[in-house]
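Asker: Quick note, the sequences are listed as chains V and R, same order. For what it's worth, my numbering labels the leading residue of the first sequence as 1, then goes sequentially. For what it's worth, my numbering labels the leading residue of the second sequence as 236, then goes sequentially. We treat Cβ as the ideally placed atom computed from N, Cα and C, and that holds for glycine. Supplied in structure tokens, the structure appears directly below.
Protein chains: 2
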Amino acid sequence: EILGAIEDYFSTSSEKPLAGIKTLVTAGPTHEALDPVRYIANHSSGKQGYAIAQTMQQLGADVTLVSGPTQLSPPQGVNVIKITSAEEMLAACQNALPADIAICAAAVADWRIAEQSEQKIKKKNNEEAPTLNFVQNPDILAILSKPGPKRPGLVIGFAAETEQVTENAISKRERKGCDWILANDVSPETGTFGGDENTLFLIDKSGVDQWHKMTKDAAAKKLSKRIADHLTLNV
Amino acid sequence: EILGAIEDYFSTSSEKPLAGIKTLVTAGPTHEALDPVRYIANHSSGKQGYAIAQTMQQLGADVTLVSGPTQLSPPQGVNVIKITSAEEMLAACQNALPADIAICAAAVADWRIAEQSEQKIKKKNNEEAPTLNFVQNPDILAILSKPGPKRPGLVIGFAAETEQVTENAISKRERKGCDWILANDVSPETGTFGGDENTLFLIDKSGVDQWHKMTKDAAAKKLSKRIADHLTLNV
Chain V
1 EILGAIEDYF STSSEKPLAG IKTLVTAGPT HEALDPVRYI ANHSSGKQGY AIAQTMQQLG
61 ADVTLVSGPT QLSPPQGVNV IKITSAEEML AACQNALPAD IAICAAAVAD WRIAEQSEQK
121 IKKKNNEEAP TLNFVQNPDI LAILSKPGPK RPGLVIGFAA ETEQVTENAI SKRERKGCDW
181 ILANDVSPET GTFGGDENTL FLIDKSGVDQ WHKMTKDAAA KKLSKRIADH LTLNV
Chain R
236 EILGAIEDYF STSSEKPLAG IKTLVTAGPT HEALDPVRYI ANHSSGKQGY AIAQTMQQLG
296 ADVTLVSGPT QLSPPQGVNV IKITSAEEML AACQNALPAD IAICAAAVAD WRIAEQSEQK
356 IKKKNNEEAP TLNFVQNPDI LAILSKPGPK RPGLVIGFAA ETEQVTENAI SKRERKGCDW
416 ILANDVSPET GTFGGDENTL FLIDKSGVDQ WHKMTKDAAA KKLSKRIADH LTLNV
């Protein structure tokens, strides 16, 4: 049983295959303020990213976790940096470089409001609801993937899709310039966001590897082992 | 000491001054979906509304709490109905009528997106960020305050303001047609949203009563005693 083998790997491996490997993990949602009381959020719970940070640390990696607002306890032995917005997440990631590996599991807001209001936007009688103009947030995965001296040797992104999951993710990998993409279907009926299980596709330059449905913790272990094999066995 | 008197009122009163009084309380934020993964939220924690539901129940009231998404445990002895959006909150409130008292402590989203996307809104390269059009949500406080056979005898609203707190709240009371407004300053520097303390102004037709800064639990007791006095002593 494959999962059993991974469990063995974690429980019996006394050596630390990722010892000294500097790893940056992002997790959770970002919140983009509209005004002092309102914000745009998303349904990311942070569970998958926190599980990855923990399993990478268990294999010996030196892990920095840049986390948006979540209800989760910080993983043990991990350097956790809490941020709120996408711009803050980018700044924290850039501060954490150089790193050998970057794993971008956060569900970063694609957009923020063009002009954030310093006071609460008031509802007025007999007036239309406001139209909000948005601007694109920095694309953290694409920025970390950009070739250059600070690019981590292995950059891994996530693609949360609700349709054409693998097609969208293959195109995302090429567009962003990252090495691997973990894609999943986050349609509400899957219960992925906020839930404890995940059905992932690992996409690299050689193709698509579909993983069985498993807990987010098991998926984190499978990914961490795959990373360790990649670094040590070059697979 | 005023707060001491209220504590005594709660601890020594063996009778239940609000016995049989049907009370509807709303609490927490509402979340308005933009698409399957994104939503607009606000910083309401639900603490004040949950505390009010609990203290009303302690004075004997038959309490239904309609709550948006919060991290709080349900108050004991209270009928809790969990909802997500403003439209769901309105439906749950109307289901809970008739009621003698309605206390609208929820921070209901004023707007929802005009056309919610069934699929995740995709970010495209070299394209402008989307412009989102909003429509007004139903005004639950105004709807509950509307004269008619189902109007609760006492309708109490909250006004979360970041400027001109009492002026905005006095005007809100008249606009909504409710009986009392509890106004507070939720500017980020006050720490009110998510915090455990509140500085409230009670506004009724006779004027403005400023309460000292106190815990949300103490404010709930003060409000519940004030309601009991209003019903029994007509003050």
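Going by Cα to Cα distance, which pick from V:MET56, V:SER73, V:GLN57 and V:ILE81 is closest to LEU65 (chain V)?
Answerer: When the alpha-carbon of LEU65 (chain V) is set against those of V:MET56, V:SER73, V:GLN57 and V:ILE81, the nearest one is in V:ILE81.
Asker: I need the DSSP call for CYS328 (chain R), collapsed to helix, strand or coil.
Answerer: In this structure, CYS328 (chain R) counts as helix in the three-state DSSP scheme.
Asker: Check whether chain V comes within 8 Å of TYR274 (chain R), counting only Cβ atoms and requiring the distance to be less than that.
Answerer: Yes - at least one Cβ of chain V is within 8 Å of the one on TYR274 (chain R).
Asker: Return the first residue and the last residue of the alpha helix (DSSP H) that ASN403 (chain R) is part of.
Answerer: 400-411
Asker: Strictly under 8 Å for the Cβ-Cβ distance: is LYS225 (chain V) near chain R by that measure?
Answerer: no
Asker: Return the chain-ordered list of same chain residues with a C-beta closer than 8 Å to the C-beta of HIS266 (chain R), the five sequence neighbours on each side being excluded.
Answerer: Scanning its chain for C-beta atoms nearer than 8 Å, with the 5 sequence neighbours on each side dropped, one finds around HIS266 (chain R) the residues TYR274, ILE275, ALA276, GLY303, PRO304, THR319, SER320 and ALA344, in chain order.
Asker: So, with DSSP's three-state summary, where would you put PHE428 (chain R)?
Answerer: It is coil, neither helix nor strand.
Asker: Using a Cβ cut-off of 9 Å, which residues of the region 417-444 of chain R contact any Cβ in chain V, in chain order?
Answerer: VAL421, SER422, PRO423 and PHE428
Asker: What residues from chain V crowd round GLN371 (chain R), counting only those whose CB sits closer than 8 Å?
Answerer: LYS123 and ALA129
Asker: Expressed to the nearest angstrom, what Euclidean distance is found between the alpha-carbon atoms of ASP62 (chain V) and THR450 (chain R)?
Answerer: Taking the straight line joining both Cα atoms gives about 42 Å.
Asker: Nearest by alpha-carbon distance to TRP180 (chain V): which of V:THR192, V:SER224 and V:LYS213 is it?
Answerer: V:SER224
Asker: Do the region 181-195 of chain V and the region 157-166 of chain V touch if we need at least three Cβ pairs shorter than 8 Å?
Answerer: Because the criterion of three Cβ pairs below 8 Å is met, the region 181-195 of chain V and the region 157-166 of chain V touch.
Asker: Compute the Euclidean distance between the alpha carbons of LEU200 (chain V) and ASN368 (chain R), then round it to the nearest angstrom.
Answerer: Taking C-alpha positions only, LEU200 (chain V) is separated from ASN368 (chain R) by approximately 34 Å.
Asker: I want to know whether the region 95-111 of chain V touches the region 48-63 of chain V - three or more CB-CB distances under 8 Å.
Answerer: yes
Asker: Does any C-beta atom of chain R lie closer than 8 Å to the C-beta of LEU132 (chain V)?
Answerer: The beta carbon of LEU132 (chain V) sits closer than 8 Å to some beta carbon of chain R.
Asker: Where do the N-terminal and C-terminal ends of the beta strand (DSSP E) with ALA27 (chain V) fall, by residue?
Answerer: 22-27
Asker: Closer than 7 Å, Cβ to Cβ, to anything on chain V: give me those residues from the region 275-305 of chain R, in chain order.
Answerer: ILE275, ALA276, ASN277 and HIS278
Asker: Once the 5 residues before and after SER117 (chain V) are set aside, which same chain residues still bring their CB inside 6 Å of it?
Answerer: ASP35
Asker: Just the chain V side, please: which residues come within less than 9 Å of THR397 (chain R) by C-beta, in chain order?
Answerer: ASP35, PRO36, VAL37, GLU118, GLN119 and LYS120
Asker: Within 10 angstroms of the Cβ of LEU90 (chain V), are there 16 or more other Cβ atoms? Answer buried if so, exposed if not.
Answerer: Classified as buried, LEU90 (chain V) has 16 or more neighbouring CB atoms from the shown chains inside 10 Å of its CB.
Asker: Within the 8 Å Cβ cut-off, does TRP111 (chain V) reach chain R?
Answerer: For TRP111 (chain V), the answer is yes, since a Cβ of chain R falls inside 8 Å of its Cβ.
Asker: Using a Cβ-Cβ cutoff of less than 6 Å, which residues in the same chain neighbour ALA219 (chain V) once the five nearest sequence positions on both sides are dropped?
Answerer: ASN198 and LEU200
Asker: Does ALA228 (chain V) come out as helix, strand or coil in the three-state DSSP assignment?
Answerer: helix
Asker: Under 8 Å, with one C-beta from each stretch per pair, do the region 142-151 of chain V and the region 366-386 of chain R reach the 3-pair mark?
Answerer: no
Asker: Just mark LYS440 (chain R) as buried or exposed, buried being the case when its beta carbon has 16 or more other beta carbons within 10 Å.
Answerer: With fewer than 16 other Cβ atoms from the protein chains shown falling within 10 Å of its own Cβ, LYS440 (chain R) counts as exposed.
Asker: Using a threshold of 8 Å, state whether the C-beta atoms of ASP100 (chain V) and LYS16 (chain V) are closer than that.
Answerer: No, they are not a contact pair.
Asker: If you run the structure through DSSP and keep just helix, strand and coil, what is THR434 (chain R)?
Answerer: coil
Asker: Name the DSSP beta bridge partners of GLU267 (chain R), please?
Answerer: R:ILE275
Asker: Is PRO264 (chain R) near GLN289 (chain R), with beta carbons less than 8 Å apart?
Answerer: In this structure, PRO264 (chain R) lies away from GLN289 (chain R), with their beta-carbon atoms at least 8 Å apart.
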